[in-house]
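Asks: In our numbering, the protein residues as written are 13 to 368. So that we are looking at the same thing, I have put the structure below in structure tokens.
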Ligand code: NAD
């Protein structure tokens, strides 16, 4: 049983993790610390039993100290971050503050709490990071492994790289029991509609353009969020202190292939269920036109990484990790979730548009 502090637990992956862990480890005690930035949403935890929610900042050292003591926390699972690359290009400061200083605040609080006495009680600091720290791959280059050198290209990935290095240093220097997971692009329920898959899905339902960066041939290794949560949970339970685990879905796809799948699935869903045309009358599919007509090519993001791919063999061999869905299955589930949970995403569409 763990007494767990989950930072960023009202965000996309954090909220999925809390649901996953609540179901897989019912006796864990879970405290969520989340600042509820534009990307955080209390409603993403609706219906999850026995979770203490604290609205607050990971940079607030006094608050973090108090939570670690009051709840006798022995496990920190650190998701909280500024996470959108486009925003890091227009406003990098928030990324340095939350991703670097926030992670350092948590590490210091953990060190003081867990390592300052004579007896070192068992503890774990799991840091959730990204494959973007490794930079961009050429088409024929081998996938990122845990020993691939860091070459972050955006302020987002540079701030995540900084946080990874701090976690590594706190293990190496102070003996803090840390693990890190670096994972590929996630998609699934509760994803804020500024990221590619929910943005394109919801735009398609509203008859809005699907803005494709550049030539649409940037390749990502797509991972269903529940498969990611499984990998994080395994790293917490079975990972070795000081180790890094890459978590991927083994589903390398160019953005255009992802968009084709979104358009095809939406066309099929409307053909199979006539009530969707009434609920979403502005969707081309409501008039039996192809969703793909909404695709519009736009100027590429500056410094856009061309290809990411994850070699997850270490997590498979050492943690027993295996993703359970391919992209077609995972996206079909995700589309069904968005169609069935309009009350969750409707209020966020305006927030996403204003914030962008
Ligand atoms: P998200 O943007 O959906 O959620 C981030 C959460 O952190 C939000 O709930 C937000 O309110 C909270 N937060 C932000 N600043 C905070 C602060 N100062 N104090 C407390 N809470 C704060 O992000 P996500 O997509 O769920 O990503 C979670 C983690 O996974 C991040 O560390 C990200 O780098 C990593 N990651 C994400 C992906 C992906 O595809 N989304 C892929 C690899 C790694």
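Even glycine gets a Cβ: it sits at the ideal position worked out from N, Cα and C.
Does residue 41 come out as helix, strand or coil in the three-state DSSP assignment?
Replies: Translated into the one-based positions of the chain shown, residue 41 becomes position 29. Three-state DSSP puts residue 41 in a strand.
Asks: Express the C-alpha separation of residue 201 and residue 129 in angstroms, rounding to a whole number.
Replies: Sequence index remark: in the chain shown, residue 129 carries index 117 (1-based). Sequence index remark: in the chain shown, residue 201 carries index 189 (1-based). C-alpha separation (whole angstroms): 42 Å.
Asks: Go through its chain and collect everything with a Cβ distance to residue 256's Cβ below 7 Å, but skip five positions before and after it.
Replies: Counting from 1 along the chain shown, the entry for residue 256 is found at position 244. For residue 256, where only same-chain residues beyond five positions count, the Cβ hits under 7 Å are 158, 192 and 194.
Asks: Suppose the cutoff is 6 Å on Cβ atoms and the five residues either side in sequence are ignored; what does the same chain contact list for residue 56 look like?
Replies: Here residue 56 refers to the residue found at position 44 of the chain shown. Closer than 6 Å at Cβ, skipping near neighbours: 22, 27 and 202.
Asks: Please look up how many angstroms separate the CB atoms of residue 325 and residue 98, rounded, as I've assumed it's under 8 Å.
Replies: Start at 1 with the first residue of the chain shown, and residue 325 comes out as number 313. Start at 1 with the first residue of the chain shown, and residue 98 comes out as number 86. Between residue 98 and residue 325 the Cβ distance is about 32 Å, and since that is not below 8 Å, they are no contact.
Asks: When you compare the region 271 to 287 with the region 334 to 348, are there three or more beta-carbon pairs, one atom per stretch, that lie closer than 8 Å?
Replies: Output reads yes: the region 334 to 348 touches the region 271 to 287.
Asks: If you draw a straight line from the C-alpha of residue 67 to the C-alpha of residue 151, how long is it?
Replies: For the purposes of this step, residue 67 is identified with residue 55 of the chain shown, where counting begins at 1. For the purposes of this step, residue 151 is identified with residue 139 of the chain shown, where counting begins at 1. Answer to the nearest angstrom: the Cα atoms are 43 Å apart.
Asks: From the DSSP output, read off the bridge partner residues of residue 138.
Replies: Here residue 138 refers to the residue found at position 126 of the chain shown. The partner list for residue 138 (beta bridge, DSSP) reads 89 and 191.
Asks: Rounded to whole angstroms, what is the Cα-Cα separation between residue 127 and residue 47?
Replies: What you label residue 127 is simply residue 115 of the chain shown in a count that begins at 1. What you label residue 47 is simply residue 35 of the chain shown in a count that begins at 1. Taking the straight line joining both Cα atoms gives about 27 Å.
Asks: Near residue 368, what residues of its chain come up, given a Cβ to Cβ distance below 6 Å and the 5 sequence neighbours on each side ignored?
Replies: Here the question's residue 368 lines up with position 356 in the chain shown. Confidence in residue 368 is poor, its pLDDT being 44 and thus under 50, which makes the residue's placement too unreliable to answer from.
Asks: Out of 273, 319, 293 and 242, state which residue places its alpha-carbon closest to the alpha-carbon of residue 37.
Replies: Looking up residue 37 in the chain shown gives position 25. For residue 37, the nearest C-alpha among the options comes from 242.
Asks: Out of 286, 246, 355 and 327, point me to the one whose CA is closest to residue 33's CA.
Replies: Here residue 33 corresponds to residue number 21 of the chain shown, with the count starting at 1. Nearest C-alpha to residue 33: 246.
Asks: Going by the beta-carbon positions, is the gap between residue 370 and residue 205 smaller than 9 Å?
Replies: In the structure as shown, the chain starts at 13 and stops at 368, and residue 370 therefore has no counterpart that could be examined.
Asks: Quick check on DSSP: helix, strand or coil for residue 316?
Replies: In the chain shown, counting from the first residue as 1, residue 316 sits at position 304. Three-state DSSP puts residue 316 in coil, outside helix and strand.
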